[in-house]
Structure formats: C-alpha cells, structure tokens
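Engineer: Those letters in the sequence shown? Residues -3 to 63, per our numbering, in order.
Ideal placement from N, C-alpha and C gives every residue a C-beta, glycine not left out.
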Amino acid sequence: MSKEIESYKLGNVQVVISETDQPNKLQVDCNDGNYHSEFTVRRYEYENYKRHMNQKITIAYNKQYEE
C-alpha cells in the first residue's frame, strides 16, 4: 500500500497524493463522486507546479459536466 502524502478538496474534487514504487514519481487520485481519474507526476512537478496541476484538474472536471 502506498503512503499518502497529502489529501485535500479542490472544489467538489477530492485529491489524494501518494507515493509510488518509483521514488521520483507520485500518484494523483481525483474523485468527485461521479468521475474518477488517476495519473502520475514527477515529484519535482508536484512540488514546483502544484498550482498549475490543480488548475488542470479543475478544468478537466468542469469539462465533464459541460454538454
């Protein structure tokens, strides 16, 4: 089981950041109750571009409800 680094709400989206088997990669798990997404990012990206990552998550989830 991977160790959770951080968990937070981003609007309606629950975001959980966890370690992976690779020391320089992190798992990002997003869920708003209807849609689930998970992807990996480099630790450097998470530490230095977290705001940008959060903006992309918000935009992607908002697009799910358009149409």
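(1) Smallest Cα separation from K59: which of Y40, Y31 and V24?
(2) Could you check the C-alpha separation between E0 and V24 for me, to the nearest Å?
(3) Is the beta carbon of L6 closer than 8 Å to that of E15?
(4) Do you know how far the Cα of D28 is from the Cα of N8?
(5) Going by DSSP in three states, N58 sits in which element: helix, strand or coil?
Structural biologist: The answer reads as follows:
(1) Y31
(2) 10 Å
(3) no
(4) 6 Å
(5) helix
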